[in-house]
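Top to bottom, those sequences are chains A and B.
Be aware that the first sequence starts at 277, since it is given in the numbering used here, and climbs by one per residue.
Be aware that the second sequence starts at 1075, since it is given in the numbering used here, and climbs by one per residue.
Here's the structure, in structure tokens; my notes come after.
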Amino acid sequence: MRIHWQLMILPLLAAADEPVLAQQRQIGIQIRAIEKAPPPEPQPGDVVRLDEDGNYIFEGRTASGEIMQYRVVTRKKIKPEIRTEIEPIPGGVRYTYNVANGSDARQPIERFLLPATRPESLINATAPPQWYAPTPCREPPQPENRYNCHADVDRGN
Amino acid sequence: MFNTRALPGIVQALFRGYLSDKDAVIEVDTWKLSEWLLERLFELTTIEAEAVPLPVVAPKYPISELDDSRKLASAIAAELRGAASMAEFQQFQSFLLDTASYIETSGKAAAGLDRQLAAPGTTPLQRAFFRGMALSLQHLAQLP
């Protein structure tokens, strides 16, 4: 059983027989443990495996006992190679990336994501024809949307 | 290509392959999947799980936050030690660790160290890393 700690901020009212305090709302902090639902267990017949082509195969049974099998094609059939050029420029640094895909790759590269410290400070981002370099977000990256704030180069297929 | 006011370090870049229209469709009636299979599906189709990671030299240390030489010297030393722990830099391990210790202890760049750092490296990552560290040392030399 997993215990999930939840921080609760509760307004506490002073007791009515304490007239001075009764007019003052005070904020108290209470920590209590609540139970979190246990992680789901696999049902009979539930399997996830890789096939010989590198795709995920999901197998399971429906409520009526019917066998189901689904294939999820992965996006990892690429052989990325990257060369980086770094040069000082007045007031900063210029980063230039040369991205290639290996001759034995089975998919084109669609997207290149680069985690960037202070993406809002990236300027003059350019990409080759047929590629798209989105303007980085202007807010500091948050854990839940950090990939929205990357220097993100998209082939735009 | 882009310009930024940040000095380089090694980060993990992510690359994703292109799916044809046919392959992009996941013909899964998710309501038919058990909760366990559904969780696996979500886990295996996140951006991180669906990408090929590759170490790359990228902007990592904002210049505005490295306003004194001690801070920058520590950042460079940490970067050199990080590289020393990577298999790709095994042949340079002692050089990287010795240089990291020197820079961190002295808080400065010895004359000519940037040229020494820029010299080695044969793979694209090694060359970019050493070039980047040399550039950081040149910046360090300008700080008070």
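Just so you know, even glycine gets a beta-carbon here, dropped at the ideal spot from N, CA and C.
Quiz item: Is the CB of A/Ile-365 under 8 Å away from at least one CB in chain B?
Solution: Numbered from its first residue, the first sequence carries residue 365 of chain A at position 89. At least one chain B Cβ lies under 8 Å of A/Ile-365.
Self-check item: Own chain, CB closer than 8 Å to B/Leu-1171, minus 5 neighbours either side, in chain order
Solution: Here residue 1171 of chain B refers to the residue found at position 97 when the second sequence is read from its first residue. Excluding sequence neighbours, B/Leu-1171 sits near Leu-1154, Arg-1155 and Ala-1158.
Quiz item: Is any beta-carbon of chain A found at less than 8 Å from that of B/Thr-1078?
Solution: Locating residue 1078 of chain B in the second sequence gives position 4, where the first residue counts as 1. The C-beta of B/Thr-1078 comes closer than 8 Å to at least one C-beta of chain A.
Practice problem: Check the DSSP bridge columns for A/Tyr-371 and list the partner residues they point to. | Solution: By 1-based counting over the first sequence, the position of residue 371 of chain A is 95. The partner list for A/Tyr-371 (beta bridge, DSSP) reads A/Ile-362 and B/Phe-1076.
Quiz item: Anyone know if the C-beta pair for B/Leu-1111 and A/Gly-341 falls short of 8 Å?
Solution: On the second sequence, position 37 is the one that residue 1111 of chain B refers to. On the first sequence, position 65 is the one that residue 341 of chain A refers to. Annotated as distal: B/Leu-1111 and A/Gly-341, with beta-carbon spacing of 8 Å or more.
Quiz prompt | Boundaries (first-last residue) of the beta strand (DSSP E) holding A/Tyr-346 | solution = Here residue 346 of chain A refers to the residue found at position 70 of the first sequence. DSSP places A/Tyr-346 in the uninterrupted beta strand (DSSP E) bounded by 343-348.
Practice problem: Examine chain B for any beta-carbon lying closer than 8 Å to the beta-carbon of A/Gly-336, and answer yes or no. | Solution: Translated into the one-based positions of the first sequence, residue 336 of chain A becomes position 60. So yes, A/Gly-336 belongs to the interface.
Exercise. Using alpha carbons as the reference points, say which of A/Val-323, A/Tyr-408 and A/Ile-333 lies closest to A/Phe-388.
Key: The sequence position of residue 388 of chain A within the first sequence is 112, counting from 1. Nearest of A/Val-323, A/Tyr-408 and A/Ile-333 to A/Phe-388, Cα basis: A/Tyr-408.
Quiz prompt | B/Ala-1125 versus B/Met-1207 - alpha carbon distance | solution = Counted from its first residue, the second sequence places residue 1125 of chain B at position 51. Counted from its first residue, the second sequence places residue 1207 of chain B at position 133. If I take the Cα positions, the gap works out to 28 Å.
Quiz item: When the cut-off is 8 Å and only beta carbons count, does A/Glu-328 lie next to chain B?
Solution: Numbered from 1 along the first sequence, position 52 holds the residue referred to as residue 328 of chain A. Not an interface residue.
Self-check item: Spatially closest choice to A/Gln-345 from B/Ala-1192, B/Leu-1107 and B/Phe-1116, by CA coordinates
Solution: In the first sequence, counting from the first residue as 1, residue 345 of chain A sits at position 69. Ranked by Cα distance from A/Gln-345, the first of B/Ala-1192, B/Leu-1107 and B/Phe-1116 is B/Leu-1107.
Exercise. State the DSSP-derived secondary structure class of B/Tyr-1176, mapped to helix, strand or coil.
Key: Translated into the one-based positions of the second sequence, residue 1176 of chain B becomes position 102. Helix, per DSSP.
Self-check item: Beta-ladder partner(s) of A/Glu-357, from DSSP
Solution: For this step, residue 357 of chain A is matched to residue 81 along the first sequence. DSSP output for A/Glu-357 lists A/Ala-376 as bridge partner(s).
Self-check item: Any C-beta of chain B under 8 Å from that of A/Gln-345
Solution: By one-based count along the first sequence, residue 345 of chain A stands at place 69. Chain B contact via Cβ: absent.
Quiz item: Which residues in the same chain have their Cβ closer than 7 Å to the Cβ of B/Glu-1178, if we skip the five residues on either side of it in sequence?
Solution: If you number the second sequence from 1, residue 1178 of chain B lands on position 104. Excluding five sequence positions before and after B/Glu-1178, the CB atoms of its chain that fall closer than 7 Å to its own CB belong to Ala-1147, Ser-1148 and Ala-1151, given in chain order.
Quiz item: Within the 8 Å Cβ cut-off, does B/Phe-1166 reach chain A?
Solution: Within the second sequence, numbered from 1, the residue matching residue 1166 of chain B stands at position 92. Chain A, which has no Cβ nearer than 8 Å to the Cβ of B/Phe-1166, makes this no.
Exercise. Give the residues of chain B in contact with A/Asp-322, contact being defined as C-beta atoms less than 8 Å apart.
Key: Here residue 322 of chain A refers to the residue found at position 46 of the first sequence. Think of a sphere of 8 Å around the beta carbon of A/Asp-322: the chain B residues whose beta carbon falls inside it are Ser-1108, Trp-1110 and Leu-1111, in chain order.
Quiz item: Taking Cβ positions only, does A/Glu-317 come closer than 8 Å to chain B?
Solution: By one-based count along the first sequence, residue 317 of chain A stands at place 41. For A/Glu-317, a Cβ of chain B is located within less than 8 Å of the residue's own Cβ.
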